[in-house]
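Read through the structure below, which is laid out as structure tokens, and then see the notes.
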Amino acid sequence: GNPVGQTEVTFKITSGPNIGKFYSNVSDWLGEAPFSYIGDGGLGTDTIVVWADYNANDIKDPNEPEAEATKTWVPHTLSVSPTTATNPLGTMHDIEALVKDSNDQPVSGIPIYFSITAGPNTGISDGPNDTNFNGMSGFRYDSDGLNAGTDTLYFWADVNRNGTKESWEPEAEATKTWN
324 GNPVGQTEVT FKITSGPNIG KFYSNVSDWL GEAPFSYIGD GGLGTDTIVV WADYNANDIK
384 DPNEPEAEAT KTWVPHTLSV SPTTATNPLG TMHDIEALVK DSNDQPVSGI PIYFSITAGP
444 NTGISDGPND TNFNGMSGFR YDSDGLNAGT DTLYFWADVN RNGTKESWEP EAEATKTWN
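So in this note's numbering, spot 139 of the sequence shown is number 462, and the numbers just go up one at a time.
Printed below as a string of structure tokens:
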């Protein structure tokens, strides 16, 4: 058939980790109504039901054509480099975090959080620092210049950008020895 413009199109996620998300858009002169969303419900497969909502009541009526699509959310990966390093007391330490998607492609705009969970500099933290167009985010810190030992550095990627560490969000560790 011919494209139909100026028709309300409704998108509803009916199952999966993002169940309940709902969006409407009016089709353009090509009959297209774009839809995008951020998956913040975790990993899994969303089922998206789409219909031409002729009467704009946000309810799928029997006479309204529909289609179905799925979107599978897979984990991102987080790596850090270097994973181990040794520096003299009082110097700076630089470390890079890299986020990639399931296709091994860098992901920009992902907030990275950093903290030292053990060692002479326990309690130092930073973030969020968003990944750049290469999927990277850098961190720098220095020792207090007084206490030798090994720091355990903890990183996590806030994939759903809500500021809370979810069990499915990637994390990485590194160690830094000061002598």
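The C-beta atom is built at its ideal place from N, Cα and C for all residues, glycine as well.
Practice prompt. Say yes only if the C-beta of Asn502 is nearer than 7 Å to one or more non-hydrogen atoms of the ligand MG, and no if none qualify.
Written response: No copy of the ligand MG appears in this structure; indeed no ligand is present at all.
Discussion item. Using 8 Å as the threshold, is the C-beta distance between Val373 and Phe334 below it?
Written reply: Stepping through the sequence shown from its first residue, residue 373 is reached at position 50. Stepping through the sequence shown from its first residue, residue 334 is reached at position 11. Yes; because the gap between Cβ atoms is below 8 Å, this pair is in contact.
Practice prompt. Please look up how many angstroms separate the CB atoms of Asp474 and Lys499, rounded, as I've assumed it's under 8 Å.
Written response: Within the sequence shown, residue 474 is the residue found at index 151, counting from 1. Within the sequence shown, residue 499 is the residue found at index 176, counting from 1. Right, their Cβ atoms sit about 4 Å apart.
Discussion item. Output needed for Gly442: all residues of its chain with C-beta closer than 7 Å, excluding positions within five of it in sequence on either side, in chain order.
Written reply: The residue given as residue 442 occupies position 119 in the sequence shown. Gly472, Thr473, Asp474 and Thr475.
Worksheet item: What whole-angstrom Cβ distance do Leu353 and Pro326 have, given they're in contact under 8 Å?
Response: The residue you call residue 353 lines up with position 30 of the sequence shown. The residue you call residue 326 lines up with position 3 of the sequence shown. The beta carbons of Leu353 and Pro326 sit about 5 Å from each other, so the pair counts as a contact at 8 Å.
Worksheet item: Roughly how many whole angstroms lie between the Cα atoms of Ala390 and Asp351?
Response: For the purposes of this step, residue 390 is taken as residue 67 along the sequence shown, with counting starting at 1. For the purposes of this step, residue 351 is taken as residue 28 along the sequence shown, with counting starting at 1. Going from the Cα of Ala390 to the Cα of Asp351 covers about 18 Å.
Fill in: Among Ser347, Gly328, Thr395 and His399, the one whose alpha carbon lies nearest that of Glu489
Sequence index remark: in the sequence shown, residue 489 carries index 166 (1-based). Of the candidates Ser347, Gly328, Thr395 and His399, the one whose C-alpha sits nearest the C-alpha of Glu489 is His399.
Discussion item. Using only CA atoms, which one of Thr337, Gly446 and Arg463 lies nearest to Asn410?
Written reply: Your numbering for residue 410 matches position 87 in the sequence shown. Minimum Cα distance to Asn410 is reached at Arg463.
Worksheet item: In whole angstroms, what is the alpha-carbon distance linking Thr454 and Phe345?
Response: Start at 1 with the first residue of the sequence shown, and residue 454 comes out as number 131. Start at 1 with the first residue of the sequence shown, and residue 345 comes out as number 22. So the two alpha carbons sit approximately 29 Å from each other.
Worksheet item: Residue range of the beta strand (DSSP E) that Asn444 falls in?
Response: The residue you call residue 444 lines up with position 121 of the sequence shown. Unbroken run through Asn444: none, as it is neither H nor E.
Item to complete: Given a cut-off of 8 Å, decide if Ser448 and Leu421 are closer than it, judged by their beta-carbon atoms.
Response: For the purposes of this step, residue 421 is taken as the residue at position 98 of the sequence shown. For the purposes of this step, residue 448 is taken as the residue at position 125 of the sequence shown. No Cβ-Cβ contact shorter than 8 Å links Leu421 with Ser448.
Worksheet item: Relative to the alpha-carbon of Ser376, which residue among Ser404, Ala408, Ser466 and Asn386 has its alpha-carbon at the smallest distance?
Response: Within the sequence shown, the letter at position 53 stands for residue 376. The question names Ser, but residue 376 is Asp in the sequence shown. If we check each option's Cα against that of Asp376, Asn386 comes out closest.
Item to complete: Give the DSSP-derived three-state secondary structure of Ile435 in the structure shown.
Response: The residue labelled residue 435 in the question sits at position 112 within the sequence shown. DSSP places Ile435 in strand when its eight states are reduced to three.
Worksheet item: How long is the line joining the alpha carbons of Gly364 and His416, rounded to whole angstroms?
Response: For this step, residue 364 is matched to residue 41 along the sequence shown. For this step, residue 416 is matched to residue 93 along the sequence shown. Approximately 35 Å between the Cα atoms of the pair.
Discussion item. Quick check on DSSP: helix, strand or coil for Phe358?
Written reply: Position 35 of the sequence shown holds residue 358. Three-state result, Phe358: coil.
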